[in-house]
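Worksheet: the structure to be examined is printed underneath.
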Amino acid sequence: MKAAVIVFPGSNCDRDLKVAFEAVGADVHMVWHKDTELPAGVDIVGVPGGFSFGDYLRCGAIAAQSPITGALKAHAERGGYAIGICNGFQVLTETGLLPGALLRNAGLKYICKVVRLKVETSQSVYTEGYNAGDLIDIPIAHHDGNYFADEATRARLADEDRIAFTYSDNPNGSCDDIAGILSENRRVLGMMPHPERAADVGHGGTDGAALFRALTGALTAA
Amino acid sequence: MKATVTVMLKNGVLDPQGEAVRHALGSLGFDGVNGVRQGKVIELDLADGATEADVTAMCEKLLANTVIESYQVEMSQ
Chain A
2 MKAAVIVFPG SNCDRDLKVA FEAVGADVHM VWHKDTELPA GVDIVGVPGG
52 FSFGDYLRCG AIAAQSPITG ALKAHAERGG YAIGICNGFQ VLTETGLLPG
102 ALLRNAGLKY ICKVVRLKVE TSQSVYTEGY NAGDLIDIPI AHHDGNYFAD
152 EATRARLADE DRIAFTYSDN PNGSCDDIAG ILSENRRVLG MMPHPERAAD
202 VGHGGTDGAA LFRALTGALT AA
Chain B
51 MKATVTVMLK NGVLDPQGEA VRHALGSLGF DGVNGVRQGK VIELDLADGA
101 TEADVTAMCE KLLANTVIES YQVEMSQ
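Sequence lines, in order, name chains A and B.
Numbering of the first sequence is given in this note's numbering, commencing with residue 2 and proceeding in unit increments.
Numbering of the second sequence is given in this note's numbering, commencing with residue 51 and proceeding in unit increments.
Here is the structure:
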């Protein structure tokens, strides 16, 4: 599996994501946001967490206009895989690759803690290492993780089984407890919690590791 | 040429910051504040000849996220 991790000014989970990909045997390329092309033959693009461009204007808004974003969109539109975590999820909504938006947490505070998620579907390369209904513990660390989409969009996400993860105890006010969603073709995942921070015993939990293991299994076989 | 862009969360989108301001005003003794919505104002200093349509395009592409925000453009000399 060949992976690319995009690095924006202010990204701070880029290395963590690289390590998580490498732990399952991926060949990982770090790509600076000013690049206009992804490395040839990339299977999956990771959009990491952090505070791209200082969260100025709106979280992810400026990153969504970076030169590399054009290549990311083209990759996704031709059926490529992409995962956006935390700020990466915000970037994916700002680019329009995923529906909805992430608002300020309902309690207004930055929240950094381990939360319990429910796996809502195992029907994606990201979640097939889990069973629907599994409860997993994954850290969150965000100020703007309050998922919002209008009712019609949420109904569509639910009908099409595109809600990947929900919070067991909603920490941030997200609509329908949504923590992560899939694109229409199920190949783009955006999630606020950080599976790459729960992928090694040294992290204090490994519930995120199955996501990366499943991914490499599916993409290497393909 | 100047443009003033006002960006607000759409009606129906919860504005927790506005709510916090409303609570704070209440606790300071300002009664009768039924609601507070907080947005942002962006001032643009533009080259002569810029049109409102140009600014609208900027809003659509970057300045506002129309999934959650509405915007108003005011042009002035």
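For every residue, glycine included, the Cβ atom is placed at its ideal position computed from N, Cα and C.
Predicted model, so just to flag it, every value in this text is computed and none were measured.
Thinking C-beta only, is residue j closer than 8 angstroms to residue i?
i	j	result
A:ALA219	A:ASP138	no
A:GLY61	A:THR37	no
A:THR167	A:ALA153	no
A:PHE213	A:VAL25	yes
A:GLY11	A:SER53	yes
A:ASN186	A:GLY101	no
B:VAL55	B:VAL123	yes
A:PRO172	A:LEU118	no
A:THR217	A:ALA27	yes
A:ASP170	A:VAL116	yes
A:VAL32	A:ILE63	no
A:ALA18	A:ILE86	Just to set this straight, residue 18 of chain A is Leu in the shown sequence, not Ala. In this structure, A:ILE86 lies closer than 8 angstroms to A:LEU18 by Cβ.
A:GLY55	A:ASN13	no
A:ARG155	A:CYS176	yes
A:TYR131	A:ALA211	yes
B:ASP81	B:MET51	no
A:GLY174	A:ALA107	yes
Taking C-alpha atoms, which residue in the options lies nearest to residue i?
i	options	result
A:PHE22	A:VAL48, A:SER12, A:PHE9	A:VAL48
A:ARG59	A:ASP135, A:LYS35, A:PHE90	A:PHE90
A:GLU78	A:LEU216, A:ALA64, A:LEU98	A:LEU98
A:LEU183	A:ARG105, A:GLY108, A:TYR82, A:ARG117	A:TYR82
B:VAL63	A:ASP178, A:ASP15, A:ASN147	A:ASN147
A:THR96	B:ASN115, B:TYR121, B:MET125	B:ASN115
A:LEU104	A:HIS144, A:ALA133, A:PRO196, A:GLY130	A:HIS144
A:ILE45	A:TYR57, A:ILE63, A:LEU73	A:LEU73
A:PRO196	A:VAL126, A:VAL189, A:THR207, A:ALA65	A:THR207
A:ALA165	A:GLY85, A:ASP201, A:ALA156, A:THR122	A:THR122
B:ASN84	B:LEU113, B:MET51, B:LEU75	B:LEU75
B:LEU112	A:PRO40, A:ILE86, A:VAL92, A:ALA75	A:VAL92
B:ASP65	B:GLN127, B:SER126, B:LYS90	B:LYS90
A:ALA41	A:TYR57, A:PHE9, A:LYS3	A:LYS3
B:ARG163	B:MET51, B:LEU59, B:ALA53	Outside the displayed range of chain B (51 to 127) lies residue 163 of chain B, so it cannot be described from this structure.
A:TYR127	A:ARG16, A:LEU190, A:ALA75, A:ILE141	A:LEU190
A:HIS34	A:GLY71, A:TYR57, A:VAL43	A:GLY71
A:GLU129	A:GLY209, A:VAL43, A:ARG16, A:ILE7	A:GLY209
A:MET233	A:ASP201, A:PRO140, A:ASP151, A:ALA215	In the structure as shown, chain A starts at 2 and stops at 223, and residue 233 of chain A therefore has no counterpart that could be examined.
Beta-carbon of residue i versus every beta-carbon of chain B: anything under 8 angstroms?
i	result
A:GLU95	yes
A:GLY101	yes
A:GLY174	yes
A:ARG1	Outside the shown range of chain A, which is 2 to 223, sits residue 1 of chain A, and nothing can be said about it.
A:GLN124	no
A:ALA107	yes
A:GLN91	no
A:PHE149	yes
A:ARG59	yes
A:ALA62	yes
A:LEU104	yes
I'd like to know if residue i contacts chain A, where contact means its C-beta is closer than 8 angstroms to some C-beta of that chain.
i	result
B:LEU64	yes
B:ALA97	no
B:GLN67	yes
B:VAL117	yes
B:LEU112	yes
B:ALA100	no
B:ALA53	no
B:ALA70	yes
Ranges of the beta strand (DSSP E) found wholly within the region 117-175 of chain A, counting only runs of at least 3: Segments of the beta strand (DSSP E) lying fully in the region 117-175 of chain A: 136-143, 147-149, 164-168.
Given 8 angstroms, three or more beta-carbon pairs between the region 99-106 of chain B and the region 61-81 of chain B: Taking a cut-off of 8 angstroms on C-beta distances, the region 99-106 of chain B does not touch the region 61-81 of chain B, as fewer than three cross pairs fall below it.
Counting only runs that start and end within the region 169-215 of chain A, where is the beta strand (DSSP E) found for 3 or more residues in a row? Qualifying beta strand (DSSP E) stretches, in chain order: 179-183, 189-192.
Just list the alpha helix (DSSP H) runs in the region 5-83 of chain A, keeping only unbroken ones of 4 residues or longer that don't cross its boundaries, in chain order. With a minimum length of 4 residues, the continuous alpha helix (DSSP H) runs that stay inside the region 5-83 of chain A are 15-24, 68-78.
Residue ranges of each alpha helix (DSSP H) within the region 51-113 of chain B, 4 or longer: Within the region 51-113 of chain B, the complete alpha helix (DSSP H) runs of at least 4 residues are 66-77, 102-108.
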